[in-house]
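Enquirer:
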Amino acid sequence: MRLRRPLVLVASLLFLSLLAATGCAGTTPRSLTLAVVGDSQGRSAVWEAVVDAINAESPAFVVHCGDLTPAGTREQYLYFKEQAEKLRVPFYAVPGNHDVRGQGRRLFTELTGSPPCWSFARDGYHFLGLDDADGELSQEQLDWLAAELARPGPKLIFLHVPLWDPRPGEDHALKSAEEAAQLHALFRQHQVIAVFSGHVHLFACREKDGITYVTTGGAGAPLYAPRAAGGFHHWTRVQLSGGRVKVEAVPVEPAATEPTVTVTTPSATRSFTLEELLAFPAVTVKAAFENQFGNRGGEGEYTGVPLAHLLEAVNGLSPGQTLKVVAEDGYSQEFGYANLYPAKEWLKLQGSMLLAYEKDGRLAPDWEEGPRLVLAPADGLYSNTDCAQTSLPGQGWNVYPSAGGRWVRQVKRIEVVKDAGE
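So for the sequence shown, numbering that gives the first Met the number 0 puts the first residue at 0; every next one is plus one.
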C-alpha cells in the first residue's frame, strides 16, 4: 500500500512533495480520472466492495479522505492495509480523527507509508493532502500549504474534516469558522478547483465561488442521512479535463447479513443470532451520547437485551475481570464489573448496559449500526462527564475522552478477557 512515486522532502519529515513522471504543474491540464473515498471504518463488507468496484474501473489513482480505522490501533491499521493492498492502482490517504487516537498518527505514517501531508503533480494538476484530523491546521502546515498553492496550475485539496458541514444546522466541520473562511479565500486566490473531505458520513457536492466542495464519507461508516439526502455507501468518481472537474457518487450495495454476536468467557463460548437475542426479555430506552467535541449524537429509542443477562447466559462476569466489547471492524471498548452491575451512583450516571438490536423501530441489519452497546442513564444523555466518572483506570475516558466512544457499533464479540485490577 506504499505510495508508488519517488519522494522528495520539501519542508520537514511531515510534509512530502511527490513528483509524478506523467507531468508537472504548469503544463496544459489533460484528461484524468481518479477515485476518492472516505470513512471506510465501520462496515468491512462495504470497504471490500468499494475496493472491488474501484478495481473494476481502474482509475489513475485513489485518494482516501481519512478515518481508515475505527480507533487508530495497529490491528485496525493492519486490517485496512490488507484490504487497501488489493487496490490495483496507486493509493494516497490523509488521516481522520479516528485514525490519530493514541499512537494512531505515528502508525498512520508507519503502516501506510505516507506522511500526514503530501503533494504531487500529474497531468497538469497539483494534488495536495492535508492533515486536519484535529479539526484545525497547524501554523507549520499552513505555511507549507501557502508555498504549495503558489505553484502554477489547477489544484485539488484532500482533507478529512470539511470546512463546513454540508447539513444545515450541523457542525461536523473545522473548529473555527474563521479558519474555514480564510482557507476558502486562500483557495480562491490560487486556482483550487475542488476540495474533498470525509468526516460526515454521506455524499454531498456544492459549488462556492467556482470551487467544488465534495463530502464523500460513505466507504463503510454508518450513514448520517437518508438516501435522498446523500446517505448511501459509495465512492466518488472524479473526472478532470481541461482544468475542469466533474464529480459523481458511485453507489455500493454490499449484501446485508443478519448479525451474530459471540460471547466468550473463561469457561464457555456461545454465539447468539438475532432471533436468539429477540428471545430475551426486551428493554426499551430513550438515549443519546456526547462525543469528543461536545456534540450530541445517537439520539433515539433503543430496544435490546441488558448486557448482564447476555453474559449470565454464558457463565457471567466476576469481580476483578474485564469485559471487552468488539465491533465488526475491530474497534473495542473495555469495561469492568462496576459497569455491568453498577451501584446506585454509577447507575444514575451511566445507566444499564444494553445490547440494542433495534433503533426507532428499525432492526439490525436494516439499522446498520446494530447491534450497538448503549449506555442509558435516566436523564437520557450519557455525557462526557458521566463517562469520565464511570470509567475504570485504563479504560473508557482514561484512554479516549469521548462518551460516544463507549457506544460500540456493530458489536461482533463480547469477551471476558482478564483481571481488571479493580
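Quick reminder that beta carbons are idealized off the backbone N, C-alpha and C, glycines included.
Quick caveat, the model's predicted, so the values are computed rather than measured.
Using the C-alpha atoms, what's the distance from Lys154 back to Leu148?
Expert: As a first step, residue 148 is located in the sequence shown; it is residue number 149 there, counting from the start. As a first step, residue 154 is located in the sequence shown; it is residue number 155 there, counting from the start. Cα to Cα, the separation comes out at about 8 angstroms.
Enquirer: Can you round the beta-carbon distance between Cys116 and Asp130 to whole angstroms, since I take them to be within the 8 angstroms contact cut?
Expert: Here the question's residue 116 lines up with position 117 in the sequence shown. Here the question's residue 130 lines up with position 131 in the sequence shown. So it is a contact: roughly 5 angstroms between Cβ atoms.
Enquirer: Throw me the rounded Cβ distance for the Phe157 and Leu127 pair, which I believe falls under 8 angstroms.
Expert: For the purposes of this step, residue 157 is identified with residue 158 of the sequence shown, where counting begins at 1. For the purposes of this step, residue 127 is identified with residue 128 of the sequence shown, where counting begins at 1. Contact holds; Cβ gap of about 7 angstroms.
Enquirer: Can you tell me the Cβ-Cβ gap for Thr215 and Phe202, rounded? I've got them flagged as a contact below 8 angstroms.
Expert: In the sequence shown, residue 215 corresponds to position 216, counting from 1. In the sequence shown, residue 202 corresponds to position 203, counting from 1. Contact flag correct, Cβ pair sits at about 6 angstroms.
Enquirer: Based on Cα-Cα distance, which residue from Leu136, Pro250, Tyr124 lies nearest to Ala48?
Expert: The residue given as residue 48 occupies position 49 in the sequence shown. Comparing Cα positions, the closest option is Pro250.
Enquirer: Quick check on the DSSP output: the beta strand (DSSP E) that includes Gly103 runs from which residue to which?
Expert: The residue given as residue 103 occupies position 104 in the sequence shown. Segment 103 to 111 is the alpha helix (DSSP H) holding Gly103; no beta strand (DSSP E) there.
Enquirer: Do you know whose CA, among Asp378, Leu277, Thr263, lies nearest Ala325's CA?
Expert: Position 326 of the sequence shown, counting from 1, holds the residue named residue 325. One detail in the question is off: residue 325 reads as Val in this sequence, not Ala. Ranking the options by Cα distance to Val325, first place goes to Thr263.
Enquirer: Name the residue from Leu67, Glu81, Thr261 whose alpha carbon lies nearest to the alpha carbon of Asn96.
Expert: Along the sequence shown, read from residue 1 onward, the residue named residue 96 stands at position 97. Taking only the C-alpha atoms, the option nearest Asn96 is Leu67.
Enquirer: Where does Arg38 land, buried or exposed, given buried means 16+ other C-beta within 10 angstroms?
Expert: Numbered from its first residue, the sequence shown carries residue 38 at position 39. Here residue 38 is Asp; the residue named in the question, Arg, does not match the sequence. Burial call: buried.
Enquirer: Quick one: what does DSSP say Val35 is sitting in, helix, strand or coil?
Expert: By one-based count along the sequence shown, residue 35 stands at place 36. Reduced to three states, the DSSP call for Val35 is strand.
Enquirer: Beta-carbon within less than 6 angstroms of Gly422's beta-carbon, same chain only, minus the 5 sequence neighbours each way: which residues are those?
Expert: Residue 422 lies beyond the residue range present for the chain, which begins at 0 and ends at 421; the question has no answer from this structure.
Enquirer: What did DSSP end up calling Glu81 once you bin it into helix, strand or coil?
Expert: The residue given as residue 81 occupies position 82 in the sequence shown. Three-state DSSP puts Glu81 in a helix.
Enquirer: For Gly360, which of Thr302, Glu274, Ala146, Gln409 has the nearest alpha-carbon?
Expert: The residue you call residue 360 lines up with position 361 of the sequence shown. From the listed residues Thr302, Glu274, Ala146, Gln409, the smallest Cα separation to Gly360 is found for Thr302.
Enquirer: As a quick exercise: from Thr72, Glu139, Val246, His125, pick the residue whose alpha carbon is nearest that of Val36.
Expert: Position 37 of the sequence shown, counted from the first residue, corresponds to residue 36. Distance check between Val36 and each of Thr72, Glu139, Val246, His125 places Val246 closest, using alpha-carbon atoms only.
Enquirer: Just to confirm, is the Cβ distance from Glu257 to Thr272 under 9 angstroms?
Expert: Start at 1 with the first residue of the sequence shown, and residue 257 comes out as number 258. Start at 1 with the first residue of the sequence shown, and residue 272 comes out as number 273. Cβ distance < 9 angstroms, so Glu257 and Thr272 count as in contact.
Enquirer: Tell me whether Gln320 sits in a helix, a strand or coil according to DSSP, three-state version.
Expert: For the purposes of this step, residue 320 is taken as residue 321 along the sequence shown, with counting starting at 1. Here Gln320 sits in strand by DSSP.
Enquirer: Count the other C-beta atoms from every protein chain shown that fall within 10 angstroms of the C-beta of Lys207, then say buried if there are 16 or more, exposed otherwise.
Expert: Indexing the sequence shown from 1 puts residue 207 at position 208. Exposed, because fewer than 16 other Cβ atoms sit within 10 Å of the Cβ of Lys207.
Enquirer: Is the distance from the Cβ of Val88 to the Cβ of Pro58 below 9 angstroms?
Expert: For the purposes of this step, residue 88 is taken as the residue at position 89 of the sequence shown. For the purposes of this step, residue 58 is taken as the residue at position 59 of the sequence shown. Yes, the pair counts as a contact, with Cβ atoms nearer than the cut-off.
Enquirer: Suppose the cutoff is 8 angstroms on Cβ atoms and the five residues either side in sequence are ignored; what does the same chain contact list for Ala375 look like?
Expert: As a first step, residue 375 is located in the sequence shown; it is residue number 376 there, counting from the start. Only Val284, Lys285, Ala286, Tyr301, Gly350, Ser351, Leu353, Tyr381 meet the Cβ criterion.
Enquirer: Whose C-beta lies closer than 8 angstroms to the C-beta of Val50 among residues of the same chain, with five residues either side of it excluded?
Expert: Taking the sequence shown and counting its residues from 1, one reaches residue 50 at position 51. Counting only Cβ-Cβ distances below 8 angstroms, and skipping sequence neighbours, we find Gln82, Ala83, Lys85, Leu86.
Enquirer: Per DSSP, Ala267 forms a beta bridge with which residues?
Expert: Within the sequence shown, numbered from 1, the residue matching residue 267 stands at position 268. Paired residue(s): Thr264.
Enquirer: Kindly indicate the opening and closing residues of the alpha helix (DSSP H) around Gln181.
Expert: Working through the sequence shown from its first residue, we reach residue 181 at position 182. Start and end: 176 to 188.
Enquirer: Straight-line CA distance for Arg29 to Gly71?
Expert: Taking the first residue of the sequence shown as 1, we reach residue 29 at position 30. Taking the first residue of the sequence shown as 1, we reach residue 71 at position 72. The alpha-carbon atoms of Arg29 and Gly71 are separated by roughly 37 angstroms.
Enquirer: Between which two residues does the alpha helix (DSSP H) carrying Thr389 extend?
Expert: In the sequence shown, counting from the first residue as 1, residue 389 sits at position 390. No alpha helix (DSSP H) holds Thr389; DSSP gives it neither H nor E.
Enquirer: Using the C-alpha atoms, what's the distance from Val213 back to Gly168?
Expert: Along the sequence shown, one-based indexing puts residue 168 at 169. Along the sequence shown, one-based indexing puts residue 213 at 214. The alpha-carbon atoms of Gly168 and Val213 are separated by roughly 18 angstroms.
Enquirer: Tell me, which residues are paired with Phe238 by DSSP?
Expert: Residue numbering aside, residue 238 sits at position 239 when the sequence shown is read from its first letter. Note on residue identity: the sequence assigns Gln, not Phe, to residue 238. Per DSSP, Thr32, Lys245.
Enquirer: On a CA-only basis, which of Leu346, Tyr356, Pro253, Ala255 is nearest Ala377? Give me that one, please.
Expert: Against the sequence shown, residue 377 aligns to sequence position 378. Taking the Cα of Ala377 as reference, the smallest distance to any Cα among Leu346, Tyr356, Pro253, Ala255 is reached at Leu346.
Enquirer: Count the other CB atoms, across all protein chains shown, that sit within 10 Å of the CB of Gly403; report buried if there are 16 or more and exposed otherwise.
Expert: Here the question's residue 403 lines up with position 404 in the sequence shown. By the neighbour-count rule (16 or more Cβ atoms within 10 Å), Gly403 is buried.
Enquirer: What's the gap between the Cα of Gln138 and the Cα of Gly123?
Expert: The residue given as residue 138 occupies position 139 in the sequence shown. The residue given as residue 123 occupies position 124 in the sequence shown. Roughly 28 angstroms between the two C-alpha positions.
Enquirer: Using only alpha-carbon positions, find the residue among Leu144, Pro225, Gln291 that is nearest to His189.
Expert: Stepping through the sequence shown from its first residue, residue 189 is reached at position 190. That would be Leu144, whose Cα lies nearest to the Cα of His189.
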